[in-house]
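Structure first, then comments.
What follows is the structure in structure tokens.
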């Protein structure tokens, strides 16, 4: 869930560019917990996101130059994974909890909070490849369609990376001022670290918003990789 800190700051940059509701699409979504990231809270001096009474508090999640204080409204949540887990099912909750070491009390508390959020906030999570997720994704008038992935590209072979690029190009080609598209990612690079990269269309403006470690926090906004 730490990578949600990068997602939330990126969504603020997107909303600041055009104040439209967001349709969030995640590839490599695992259990889809971050599809509900707008219900999390990032406190601190480098801006704050969300309700401080949230059961998921990403303490120390942001540092550096704060993201824009733009309102983020997510109206649709969908994603895909080759082996998704259902966070609302007993088996899914048990499996996810088993990934946390017993002495990691803070991480376990955040996970339980995220599972509680997932039980009441629906998301359309499907068992499918990234190519299939992109193929069923379409832009919609009056909204942003935001494609998000984190520490995902390293698991793709060259052919799959090419398919991902083609899917992004297809969506980008259809973007208009009324139906916008954004590609937001947190991916490792050879020199170390993970830049938070955002490209928006129409226009194809690309920028690095900041950097983060692979687990997601802290995100240092305004820092170059």
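Numbering (our numbering), first residue to last: 6 to 230.
Ideal Cβ positions, reconstructed from N, Cα and C, are used throughout, including at glycine.
What do you reckon, are the CB atoms on residue i and residue j nearer than 9 Å?
| i | j | result |
| --- | --- | --- |
| residue 5 | residue 26 | Within the shown structure, residues of the chain are numbered from 6 to 230, placing residue 5 beyond reach of any answer. |
| residue 222 | residue 212 | no |
| residue 86 | residue 15 | no |
| residue 20 | residue 92 | no |
| residue 84 | residue 130 | yes |
| residue 135 | residue 157 | yes |
| residue 8 | residue 191 | yes |
| residue 97 | residue 36 | yes |
If you draw a straight line from the alpha carbon of residue i to that of residue j, how long is it in whole angstroms?
| i | j | result |
| --- | --- | --- |
| residue 89 | residue 70 | 35 Å |
| residue 115 | residue 61 | 5 Å |
| residue 66 | residue 216 | 12 Å |
| residue 186 | residue 111 | 35 Å |
| residue 180 | residue 165 | 23 Å |
| residue 38 | residue 78 | 17 Å |
| residue 144 | residue 23 | 15 Å |
| residue 225 | residue 147 | 31 Å |
Would you please state the rounded distance, in angstroms, between the beta carbons of residue i and residue j? I believe it to be under 8 Å.
| i | j | result |
| --- | --- | --- |
| residue 28 | residue 206 | Not really, about 14 Å apart at Cβ, beyond 8 Å. |
| residue 80 | residue 63 | Incorrect: roughly 23 Å between the Cβ atoms, too far for contact. |
| residue 250 | residue 161 | This structure leaves residue 250 out entirely; the chain is present only between 6 and 230. |
| residue 196 | residue 230 | 7 Å |
So is residue i buried or exposed if we call it buried at 16+ other beta carbons inside 10 Å?
| i | result |
| --- | --- |
| residue 220 | exposed |
| residue 99 | exposed |
| residue 194 | exposed |
| residue 124 | exposed |
| residue 172 | buried |
| residue 208 | exposed |
| residue 174 | exposed |
Tell me, which residues are paired with residue i by DSSP?
| i | result |
| --- | --- |
| residue 206 | 186 |
| residue 68 | 225 |
| residue 62 | 46 |
| residue 83 | 30 and 129 |
| residue 215 | 201 and 226 |
| residue 151 | 29 and 187 |
| residue 157 | Paired residue(s): none; residue 157 is not in a bridge. |
Does residue i get closer than 9 Å to chain D when you measure Cβ to Cβ?
| i | result |
| --- | --- |
| residue 104 | Annotation note: the requested chain D is absent from the structure, which comprises a single protein chain. |
Taking 8 Å as the line, does the beta carbon of residue i fall inside it for any heavy atom of the ligand GTP?
| i | result |
| --- | --- |
| residue 184 | With respect to the ligand GTP, the structure shown offers nothing to examine, as it has no ligands at all. |
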